[in-house]
Every structure is written in C-alpha cells, then in structure tokens.
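Below is one structure, written out as structure tokens; the observations come after it.
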Amino acid sequence: MQPEPEDLGGGLWSVPVPIPNNPLSYTLVYAVESPRGPVLIDAGWQHEDAWTALRDGLGTFGIDVADVYGVVVTHFHPDHAGLAGRVRETSGAWIAMHHSDAGIVRLFNEVGQGGRRSFELTALRRAGAAESDLTGPTQQTRVSPPAVPDRELSDGDLVDVPGRRLQAVWTPGHTPGHICLHLEDGDRLFTGDHVLPRITPHIGLYPYDTPDVDPLSDFLGSLDKVSAMTVDEVLPAHQHRFRGLEDRAREIIAHHEERLAEVAALLSSRPTTLWDLTAGLTWRHPWAEMAQQARRMAAAEAAAHLRTLETRGTARREGADDPLRYVLR
1 MQPEPEDLGG GLWSVPVPIP NNPLSYTLVY AVESPRGPVL IDAGWQHEDA WTALRDGLGT
61 FGIDVADVYG VVVTHFHPDH AGLAGRVRET SGAWIAMHHS DAGIVRLFNE VGQGGRRSFE
121 LTALRRAGAA ESDLTGPTQQ TRVSPPAVPD RELSDGDLVD VPGRRLQAVW TPGHTPGHIC
181 LHLEDGDRLF TGDHVLPRIT PHIGLYPYDT PDVDPLSDFL GSLDKVSAMT VDEVLPAHQH
241 RFRGLEDRAR EIIAHHEERL AEVAALLSSR PTTLWDLTAG LTWRHPWAEM AQQARRMAAA
301 EAAAHLRTLE TRGTARREGA DDPLRYVLR
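For the sequence shown, full-length UniProt numbering begins at 1 and goes up steadily by one.
The following block contains the structure:
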C-alpha cells in the first residue's frame, strides 16, 4: 500500500510518487523548507500520474510546485530524476546532481536511444548472450533521458538551501555519482537508493566489460563510509524511514560478500562466458522464466561481482576474443 504524504517535522515533508508498473511502487520525494522556497530531494518518475501525485502531495502542506527553489537529485535514474525537468519548467528551480552523474545525463541526451541500443547489443554479444536475447521482444519501457542539471556537486559540498545545512555525501556504486544528503540541523541522512531498509539496490557494470571501473567495490566502500556516520534517522527513497544505519550497512556488505562467494564457486579453470555464469547463479525467478530485460540486468550484476573478483585477484579474463570468458585465478 502506498503511504500518504507526511509532515516529518522540522520543516521537512515526504511525498510518495508512484512508479508505473514497477514493484518498487513509489519514490519518496522529500521537501526541505527554506526562506527561498522548498528544495526537493529527488522528483519521481516522468509520468502524468506521478506529476499529479507530486503536485497534490506538496499541496497537502500548502506548497505550490511553482514555489520550489531547487531539486537536488540523488542519482540520475528515472524514478529519481524524471520529473526534475518539469519542476524546473514550472518553477524556474535549479537542478543539481553529482558531476559524475551529470556527465552521464549529458551523454544520454547526446547519443539518443539509437546510440544506447547499439552500445547494449555490442555488450550483449561480448557477454556471450544467445541470439534470442539479442533480437527477442524486450520488456523494457524506453524513457526519455533526465533533464541536464544546472549545478554540479562534489563530495562534501553544501547544497543551496538558505538557512540550513544540507551536505552532499558521495556514495558511488548504484551509479557513479550517487549521493546521500546529510541534513545537519535535523541529523537526518537521505540515502536515495544507497541504503534501503529491506532490499538492496542494483549494482551493475554497464557495459559489462567497461575497463578501469569497479562499481561493487565502490559500493562496498561507500557503505563503509556511511556506516561511520552517527545520524539519528535514515530517510531512503523507497520503503520507509528507519534507524540503525551502521547495522543495515553491514547487512548489505555481508549480502554481497556471500554473492561474491557464489560467483567464485561457479568459476573454474575452464573458461566461462558472463552469460553462462549469470544463468548459473541463484535469482529470485528461474533464469528460464526471466524476461529479456531482467536477464540483462542480472548479467550486469554478475559482471559487477566478477570485476570485484578480478580486482581482488580471484578471477581473470581468458583471452580477448568475443565472447569474453572468465576463469578462476
């Protein structure tokens, strides 16, 4: 059941914004009061129902979207950044995100969907995907890229919220530029998708063999980073608020260490493609029943775990031909 908009006290409100046809159901958009107008943390999916929910939810507290001063986006994914452009068009608000994600947004706007599709097919072939996974019907709904931000943030920067201290905490992993936001005057941490109370965010490597990046190691390091913060309350973008940040961060780290062990157990001295390895892992749904897009996301997650094993010296690539193959070191 989707929660109702809520006054959290201390000049802070939350508004659940629906995500159409998605098991996550909604994104929690937060509004932080300031003398120049409210600043939103995330904005929700770009959809008319989502816009209505955001507009009416803010209206519950007497907030007009036209009065929004700014939107700070925790990361570029469409359930967080999708409506930021429409908020800006309505109010003249600025949009801010970490510079790493801002670069990705600019790239998406430059290459368009055709260019992204070409990148995707090349990556699938190198992963050893079956022809049916290249040409079959896809379950993915293509969405427009997010609006290009006006402002870019780095780790430790203060967001422009007059009269308050809202600090960006760079937590790469889920995306290269994911940020959490520490509201110092309320000792609250907005965690976006970085730390969620009951589920873990998708950590994937895109394309699957991108060199010189290791998103899972980044994510685990980011969890270490926030686990050292002694904040009073955690406000994620999905599910519900909670306390006990350190304990939850440690649970997520332990989950990924178990997954790394499972990936390593499937490797041997016999070279294995990423696609075959992914098919052998345990998933919520059997591999044979997974939709095409779910398989692609699973392969990205497996690739991220393989990269961390490579970084740790447990796995290595065998040769350079297509498809790429991996062995136990």
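Using N, Cα and C, we set each Cβ at its ideal position, and we do this for glycine too. Just so you know, these numbers come straight off a predicted model, no measurement behind them.
Cβ shell of residue i (< 6 Å), same chain only, five flanking positions each side left out
i	result
Glu6	Ser14
Pro146	Phe76, Ala81 and Val105
Val263	His305
Ser217	Thr308 and Thr311
Pro149	Ile95, Ala96, Met97 and Ala102
Whole-angstrom C-beta distance between residue j and residue i, which should lie under 8 Å
i	j	result
Gln2	Pro18	7 Å
residue 330	Thr273	Any question about residue 330 goes unanswered here, given that the chain covers just 1 to 329.
Ala123	Tyr208	5 Å
Ser34	Gly163	6 Å
Leu189	Leu245	7 Å
Gly156	His178	No, Gly156 and His178 are not in contact; Cβ-Cβ is about 15 Å, not under 8 Å.
Pro16	Leu24	That belief does not hold up - the Cβ atoms of Pro16 and Leu24 are roughly 11 Å apart, past 8 Å.
Gly70	Ala93	5 Å
Leu220	His256	6 Å
Exposure of residue i, with buried meaning 16 or more beta-carbon neighbours within 10 Å
i	result
Ser268	exposed
Ile203	buried
Ile95	buried
Val213	exposed
Leu58	buried
Pro137	Confidence in Pro137 is poor, its pLDDT being 48 and thus under 50, which makes the residue's placement unreliable; the coordinate value appears in the next sentence. Exposed is the call here.
Asp56	exposed
Ile199	exposed
Pro211	exposed
Glu301	buried
Ser91	buried
Ala31	buried
Pro201	buried
Leu158	exposed
Thr175	buried
Arg270	exposed
Asp247	exposed
Own chain, CB closer than 8 Å to residue i, minus 5 neighbours either side, in chain order
i	result
His285	Ala294
Gly85	Gln46, Ile95, Pro146 and Ala147
Leu134	Leu121, Leu124 and Arg125
Asp64	Leu58
Cross-strand partners of residue i (DSSP beta bridge)
i	result
Gly70	Val39 and Trp94
Tyr206	Looking at the DSSP assignment, Tyr206 forms no beta bridge with any residue, so it has no partner.
Gly192	Pro236
Asp7	Trp13
Gln167	Leu158 and His182
Glu257	Per DSSP, none; premise fails for Glu257.
Leu328	Ala315
Val29	Val15
Leu153	His98
Contact set for residue i: own chain, Cβ-Cβ below 7 Å, skip 5 residues either direction
i	result
Leu260	His305, Thr308 and Leu309
His47	Pro20
Gln140	Note that Gln140 has pLDDT 49, beneath the 50 cutoff, so the model's placement of it is unreliable and the number below is only indicative. Hits under 7 Å: Gln293.
Arg241	Glu233, Val234 and Leu235
Val161	Val32, Ser34 and Val39
Ala66	Thr90 and Ser91
Gly9	none
Cβ-heavy atom distance, residue i to the ligand NAP, below 7 Å
i	result
Val73	Because no ligand of any kind appears in the structure shown, any question about the ligand NAP cannot be addressed here.
Q) Is the number of C-beta pairs between the region 224 to 241 and the region 319 to 328 that are closer than 8 Å three or more? A) Contact fails: fewer than three Cβ-Cβ distances are below 8 Å.
Q | the region 39 to 52 in contact with the region 241 to 259 per 3-pair CB rule at 8 Å | A | Put simply, the region 39 to 52 does not touch the region 241 to 259. Fewer than three CB pairs are less than 8 Å apart.
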